[in-house]
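Protein chains in written order, with my numbering: chain A, 3 to 343; chain B, 3 to 343.
A quick write-up on the structure given underneath.
2 protein chains.
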Amino acid sequence: MRELRKDPIIKRWVIIATERTKRPHDFINFKDESQAVFCPFDYGNEHTTPSEILAFRPDGTEANSPGWWVRVVPNKFPVLTNEIEPERFGHGMYDVIKGFGAHEVIIETPEHDSYMATMPYKQVKEVIWAYIKRFKELELNKNIQYILIFKNHGKEAGASLSHSHSQLIATPVIPKRVAEEIKGSKSYYKFRERCVYCDMVTQELSEGTRIVEENDLFLAFEPFAARFPFETWILPKKHRYNFGKSSTAEIDKFAKVLKNTLFKIYKALDNPPFNFMLHTGIKSLKDGEDYYHWHLEIVPRLTDIAGFEWGSGFYINPVPPEHAATFLREIKINEEDFNED
Amino acid sequence: MRELRKDPIIKRWVIIATERTKRPHDFINFKDESQAVFCPFDYGNEHTTPSEILAFRPDGTEANSPGWWVRVVPNKFPVLTNEIEPERFGHGMYDVIKGFGAHEVIIETPEHDSYMATMPYKQVKEVIWAYIKRFKELELNKNIQYILIFKNHGKEAGASLSHSHSQLIATPVIPKRVAEEIKGSKSYYKFRERCVYCDMVTQELSEGTRIVEENDLFLAFEPFAARFPFETWILPKKHRYNFGKSSTAEIDKFAKVLKNTLFKIYKALDNPPFNFMLHTGIKSLKDGEDYYHWHLEIVPRLTDIAGFEWGSGFYINPVPPEHAATFLREIKINEEDFNED
Chain A
3 MRELRKDPII KRWVIIATER TKRPHDFINF KDESQAVFCP FDYGNEHTTP SEILAFRPDG
63 TEANSPGWWV RVVPNKFPVL TNEIEPERFG HGMYDVIKGF GAHEVIIETP EHDSYMATMP
123 YKQVKEVIWA YIKRFKELEL NKNIQYILIF KNHGKEAGAS LSHSHSQLIA TPVIPKRVAE
183 EIKGSKSYYK FRERCVYCDM VTQELSEGTR IVEENDLFLA FEPFAARFPF ETWILPKKHR
243 YNFGKSSTAE IDKFAKVLKN TLFKIYKALD NPPFNFMLHT GIKSLKDGED YYHWHLEIVP
303 RLTDIAGFEW GSGFYINPVP PEHAATFLRE IKINEEDFNE D
Chain B
3 MRELRKDPII KRWVIIATER TKRPHDFINF KDESQAVFCP FDYGNEHTTP SEILAFRPDG
63 TEANSPGWWV RVVPNKFPVL TNEIEPERFG HGMYDVIKGF GAHEVIIETP EHDSYMATMP
123 YKQVKEVIWA YIKRFKELEL NKNIQYILIF KNHGKEAGAS LSHSHSQLIA TPVIPKRVAE
183 EIKGSKSYYK FRERCVYCDM VTQELSEGTR IVEENDLFLA FEPFAARFPF ETWILPKKHR
243 YNFGKSSTAE IDKFAKVLKN TLFKIYKALD NPPFNFMLHT GIKSLKDGED YYHWHLEIVP
303 RLTDIAGFEW GSGFYINPVP PEHAATFLRE IKINEEDFNE D
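If you want it as structure tokens, here you go:
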């Protein structure tokens, strides 16, 4: 069973995907399961993943063999799949869509113990190129409304394998969170005729107190209304709508600011579990070029989400973003360490 | 520092409350902290909590002394407090409100190892009465826009003490989640001239496949678009807007359905961590009596929330609500066990 169901009240979609987990009683004490030692993302184990969709590998090496430096494969337990049509139907008062979409894994490095925080800039850049390539290809599919690129790092952040990887899920509807951002930035634009994200960049640069890292094209900062301790956003300084249209120079500079930011978090908080999510404009939205602005949100998983947060959509953050930014700015980076030979 | 800050894009408020936690580096490996053995909610330790706001106790016993059966105290580390005014101000493009509100703890029983799932019906009823009393009193405060009653059970669900308790947070703004429900149910009402929750009750009763527990006044079921395995909602079967106006008969029947539902979850999933949240109409909303409907949402914490969920607002649920409901319905309850002498 794989279907999307819509909450009739707040229009929140959920994906019911039973291929991933099994029977109800598997949840009893499931948290005790230990992680497997075998890693399907290591060299030599390529045959244990579904066949690769994209790989950066030397000319002449065979698909699904070692030698690659970035590799993209379908998720072995996809929550959505392109093997079915996105048929819509009703179930009494409820709405359902068959589980159409895509679910891919971007294996960021063949090195089992390397993280985005610790790998060379060049490798991070290659990962971003893989994101761009997959994004642009999936964007062409008319049934796909959105493509979310994200990363789970650490068990507490939902990673089931420790080998560094990101994921991509393409959905037949616009996710609620993204729709909210689009709606909010549109209403801001109507009022001020400016992009709200551009205004944030301006205010953050002028205040300076929440900045974590920057270069000429990108800014990493703790948002003023940060939900979580050390929540960090990365934005292009200039107005940019569609991540997939990034220039080579932008990809270079994005890789650098992303890597430095993750390194600071890694150092400051001793390799904490975290998630990041890329929010971007996309062709299917049709509208939004003027007022929506792509960005990446990093959320370290340091605090528990409890009943108040679930019940209210409010978050309680015990660390003011200004303090978190000061703490992260103090971490020094020797860029030479990450400029590969 | 205690303030509410608003995300300028999606209008999400966050509470920055530094009184609860300390310095940024306290987050390093903080997860290893073990729980204290001393329990401030046990008899004899009343002086270690802030002074009680409400207690059900025998006539003639002194405030803040043993003998009580339900006790309400201010949270020792309140995220919001009524000691300041809810002053609003701007910070450049950002909005801020001083951290006005209330944060209370409802100690549900003097028995250290009793849970709502295992205590007698009578005790659950008393807890509901305490909710009602606090709700009605706080509802009179004109600066309070909303009162969220919720429960964190188990460490993974955010409970810092294992002794059975609920909490209440009163806020100077309507929480986003509640505002969304109100908006959604209003738009449904405009279209159909019926309450969306009443329609759900009708469909759930007629289908039967997602029902967990019921009596003549209340229904507990797995929502069609459940975000989480074993997510369960409890609703009054008849249209009821304001929880605070519940009749004695309704309180009796709500206590019973709540207790039975929690017992089934407790038994079926071996005492899992969970949260519950009460969503209700409230005087300050002014509008909504026709279309909003109070309800309680129970979310067992069995799956990890990862990057996809954070980034999209979409949830992936590996257990269809129909399977979860079947599994819970199979748990038999001997009501005699909970009818106290």
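Where is the CB? At the ideal position from N, CA and C, for every residue including glycine.
is_contact[residue i, chain A] using C-beta, thresh 8 Å
{"i": "residue 310 of chain B", "result": "yes"}
{"i": "residue 1 of chain B", "result": "The first residue shown for chain B is 3 and the last is 343, placing residue 1 of chain B beyond what the model contains."}
{"i": "residue 340 of chain B", "result": "no"}
{"i": "residue 187 of chain B", "result": "yes"}
{"i": "residue 88 of chain B", "result": "no"}
{"i": "residue 174 of chain B", "result": "no"}
{"i": "residue 205 of chain B", "result": "yes"}
{"i": "residue 2 of chain B", "result": "Beyond the ends of chain B as shown, which are 3 and 343, falls residue 2 of chain B; an answer cannot be given."}
{"i": "residue 12 of chain B", "result": "yes"}
{"i": "residue 126 of chain B", "result": "no"}
{"i": "residue 171 of chain B", "result": "yes"}
{"i": "residue 177 of chain B", "result": "yes"}
{"i": "residue 20 of chain B", "result": "yes"}
Residue span of the alpha helix (DSSP H) that contains residue i, given as start and end
{"i": "residue 3 of chain A", "result": "That residue, residue 3 of chain A, is in no alpha helix (DSSP H); it is neither H nor E in DSSP."}
{"i": "residue 237 of chain A", "result": "First-last for residue 237 of chain A: 234–238, but that is the beta strand (DSSP E), not the alpha helix (DSSP H)."}
{"i": "residue 279 of chain A", "result": "Here residue 279 of chain A belongs to no alpha helix (DSSP H); instead the beta strand (DSSP E) covers 276–281."}
{"i": "residue 97 of chain B", "result": "Unbroken run through residue 97 of chain B is the beta strand (DSSP E), 96–100; no alpha helix (DSSP H)."}
{"i": "residue 105 of chain A", "result": "Run containing residue 105 of chain A: none in the alpha helix (DSSP H); it sits in the beta strand (DSSP E), 104–109."}
{"i": "residue 49 of chain A", "result": "Here residue 49 of chain A belongs to no alpha helix (DSSP H), and DSSP marks it neither H nor E."}
{"i": "residue 194 of chain B", "result": "178–194"}
{"i": "residue 332 of chain A", "result": "Unbroken run through residue 332 of chain A: none, as it is neither H nor E."}
{"i": "residue 242 of chain B", "result": "Careful: residue 242 of chain B lies outside any alpha helix (DSSP H) and carries neither H nor E."}
Whether residue i touches residue j by CB criterion (8 Å)
{"i": "residue 281 of chain A", "j": "residue 197 of chain A", "result": "no"}
{"i": "residue 5 of chain A", "j": "residue 99 of chain A", "result": "yes"}
{"i": "residue 14 of chain A", "j": "residue 96 of chain A", "result": "no"}
{"i": "residue 3 of chain B", "j": "residue 322 of chain A", "result": "yes"}
{"i": "residue 260 of chain B", "j": "residue 298 of chain B", "result": "yes"}
{"i": "residue 307 of chain B", "j": "residue 307 of chain A", "result": "yes"}
{"i": "residue 275 of chain A", "j": "residue 157 of chain A", "result": "yes"}
{"i": "residue 147 of chain B", "j": "residue 173 of chain B", "result": "yes"}
{"i": "residue 327 of chain A", "j": "residue 223 of chain A", "result": "yes"}
{"i": "residue 182 of chain A", "j": "residue 219 of chain A", "result": "no"}
{"i": "residue 122 of chain B", "j": "residue 341 of chain B", "result": "yes"}
{"i": "residue 265 of chain B", "j": "residue 104 of chain B", "result": "no"}
{"i": "residue 149 of chain A", "j": "residue 248 of chain A", "result": "no"}
{"i": "residue 111 of chain A", "j": "residue 166 of chain A", "result": "yes"}
{"i": "residue 17 of chain B", "j": "residue 82 of chain B", "result": "yes"}
{"i": "residue 320 of chain A", "j": "residue 232 of chain A", "result": "no"}
{"i": "residue 257 of chain A", "j": "residue 130 of chain A", "result": "yes"}
Any C-beta of chain B under 8 Å from that of residue i
{"i": "residue 91 of chain A", "result": "no"}
{"i": "residue 182 of chain A", "result": "yes"}
{"i": "residue 17 of chain A", "result": "yes"}
{"i": "residue 210 of chain A", "result": "no"}
{"i": "residue 94 of chain A", "result": "yes"}
{"i": "residue 258 of chain A", "result": "no"}
{"i": "residue 104 of chain A", "result": "no"}
{"i": "residue 7 of chain A", "result": "yes"}
Listed by chain order, chain A residues near residue i by CB distance under 7 Å
{"i": "residue 81 of chain B", "result": "318"}
Partner residues on chain B for residue i, Cβ-Cβ distance less than 8 Å
{"i": "residue 3 of chain A", "result": "322"}
Limits of the beta strand (DSSP E) - the one that residue i falls within
{"i": "residue 76 of chain A", "result": "72–76"}
{"i": "residue 301 of chain A", "result": "297–302"}
{"i": "residue 168 of chain A", "result": "167–173"}
{"i": "residue 155 of chain B", "result": "148–155"}
{"i": "residue 319 of chain A", "result": "317–319"}
{"i": "residue 215 of chain B", "result": "213–216"}
{"i": "residue 57 of chain B", "result": "56–58"}
{"i": "residue 159 of chain A", "result": "Taken as a continuous stretch (DSSP letters only), residue 159 of chain A belongs to no beta strand (DSSP E), as it is neither H nor E."}
Partners in chain A for residue i, counting only beta-carbon separations shorter than 9 Å
{"i": "residue 66 of chain B", "result": "Neighbours of residue 66 of chain B on chain A: none; closest Cβ ~26 Å, over 9 Å."}
{"i": "residue 191 of chain B", "result": "Neighbours of residue 191 of chain B on chain A: none; closest Cβ ~11 Å, over 9 Å."}
Contact list for residue i against chain B, beta-carbon separation under 7 Å
{"i": "residue 152 of chain A", "result": "309, 310 and 313"}
{"i": "residue 107 of chain A", "result": "Within chain B, no residue comes near residue 107 of chain A; the closest Cβ sits about 12 Å away, beyond 7 Å."}
{"i": "residue 201 of chain A", "result": "95"}
Residues that residue i contacts on chain A, provided the C-beta gap is smaller than 8 Å
{"i": "residue 159 of chain B", "result": "306, 308 and 309"}
Amino acids of chain B, ordered along the chain, whose beta-carbon sits closer than 9 Å to that of residue i
{"i": "residue 335 of chain A", "result": "Within 9 Å Cβ-Cβ: nothing; residue 335 of chain A doesn't reach chain B, min ~18 Å."}
{"i": "residue 198 of chain A", "result": "10, 11 and 95"}
Cβ-based contacts, 8 Å cut-off: residues of the segment 212–240 of chain B near chain A: 225, 226, 227, 228, 229, 231 and 232
Along the segment 277–302 of chain A, what residues have a CB closer than 9 Å to any CB found in chain B? 277, 278, 279, 280, 281, 299, 301 and 302
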